[in-house]
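Accompanying notes for the structure given below.
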Amino acid sequence: MKSETKKELLNTVQEFMNSDIYKEQEKLLEERSKTLKSGADVIHLTYLGHQLEDSDLKEIEEILKKENLQLSSYNKSGIIYNLIDDYTLTTFFVISYQIYQLLNEVKSNALWDILKYVILKTWNKINTRTHIANEKIKFGITVNLDEKTRINVQIEGSEKLASETLDKVLTYLKTQERNTDKKMFPDYINYDEKKGAFVKIDVANKIRKKANRNS
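So that you can map any letter, position 156 of the sequence shown is 178 in our numbering, and since no number is skipped, the others follow by simple counting.
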């Protein structure tokens, strides 16, 4: 990179960081981060503010509490973020690798049944509200298979299809290879009802191919 171009880029970045927009974003991020939690017993939910009400979050929190789990939530309305083509979930639950391991170790599916109930209940509420508003969203779950392997699972279609996706996803995830290095962009899967199988997309590879075509 030429020194003049680098200098212009640095000036642009500096101008943005000094702008009111950046300062407003900083303030908003600080405020929104107050609802974030960490720990092995945490289920995280990222959403847009108009999709869920405080009473909805409270209901989810109470259900999870009975299973000794905590709800961490993040309202990203008004936050500037990047969408990676068709492979970014806009509203999603995050299942940590500790909870994923627990789901695989427990002989009974009671815990997964509770999580499926919460996910489907939330999906139904959001789906109804966004349908009325004629708004398109990508809803799903991000599952951490271990510390280096994340997979985004899109949940879409009818309630029957959404339920079928969740019924089959744990079995599918058990077949997936673990990453030796953490990927910047997690793989993305959705359930093909006609094929009766999951379709997996290597997002990082898609981005590389697109970059090569545009170069």
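Ideal Cβ placement from N, Cα and C applies to all residues, glycine included.
Closer than 6 Å by C-beta to Tyr210: which residues in its own chain qualify, once you throw out the five before and the five after it? Chain order, please. Shown here for Tyr210: same chain residues with a beta carbon closer than 6 Å to its own, the five before and five after excluded, namely Tyr109, Asn174, Ile223, Val225 in chain order.
How big is the Cα-Cα spacing for Asn201 and Asp168? The straight-line gap from Cα to Cα measures roughly 9 Å.
Integer Cβ distance of Thr192 from Trp134, believed to fall under 8 Å: Looking at the sequence shown, residue 192 is not Thr but Leu. Contact between Leu192 and Trp134 holds, since their C-beta atoms are separated by about 6 Å, short of 8 Å.
Let me know if Val140 comes out buried or exposed under the rule of 16 or more other beta-carbons within 10 Å of its beta-carbon. Buried is the call here.
With DSSP collapsed to three states, give me the class of Ser180. Here Ser180 sits in coil by DSSP.
Option in Pro208, Lys216, Lys205 with minimal Cα separation from Thr187: Checking every option, the nearest Cα to that of Thr187 belongs to Lys216.
Option in Leu70, Met206, Ala184 with minimal Cα separation from Gly162: Comparing Cα positions, the closest option is Ala184.
Distance between beta carbons of Leu91 and Asp63, contact taken as under 8 Å: Right, their Cβ atoms sit about 5 Å apart.
Applying the criterion that 16 or more other CB atoms from any shown protein chain within 10 Å of the CB defines a buried residue, is Ser118 buried or exposed? Classification of Ser118: buried, given that the 10 Å Cβ count is 16 or more.
Straight-line gap, Thr113 to Lys204 (C-alpha atoms, nearest Å): Their Cα atoms are separated by approximately 22 Å.
Report the three-state DSSP secondary structure of Arg200 (helix, strand or coil). Judged by DSSP in its simplified three-state form, Arg200 adopts coil rather than helix or strand.
Given that a residue counts as buried once 16 or more other Cβ atoms are within 10 Å of its Cβ, and exposed if not, what is His72? If you draw a 10 Å sphere on the C-beta of His72, you find fewer than 16 other C-beta atoms in it, and that means exposed.
Using only the alpha-carbon positions, how far apart do Ile82 and Lys98 sit? Between Ile82 and Lys98, the C-alpha separation is close to 18 Å.
Is the beta carbon of Ile177 sitting closer than 8 Å to the one on Trp145? Closer than 8 Å, so yes.
Output yes or no for whether 8 Å exceeds the beta carbon distance between Thr152 and Ile159. Yes, Cβ-Cβ distance for Thr152 and Ile159 is below 8 Å.
With C-beta atoms as the reference, is Leu111 less than 8 Å away from Thr197? Taking 8 Å as the Cβ cut-off, Leu111 and Thr197 do not qualify as a contacting pair.
Just to confirm, does Lys59 get its C-beta within under 7 Å of one of the non-hydrogen atoms of the ligand NAD? In the structure on display, the ligand NAD does not appear, and there are no ligands present to speak of.
Distance, Cα to Cα, Ile65 vs Arg172? Those two C-alpha atoms are separated by around 15 Å.
Could you name the residues that DSSP lists as bridge partners for Leu79? In the DSSP assignment, no residue is bridged to Leu79.
Would a check of beta-carbon distances place Val225 closer than 8 Å to chain C? Going by chain labels, chain C is absent from the structure shown, which holds only one protein chain.
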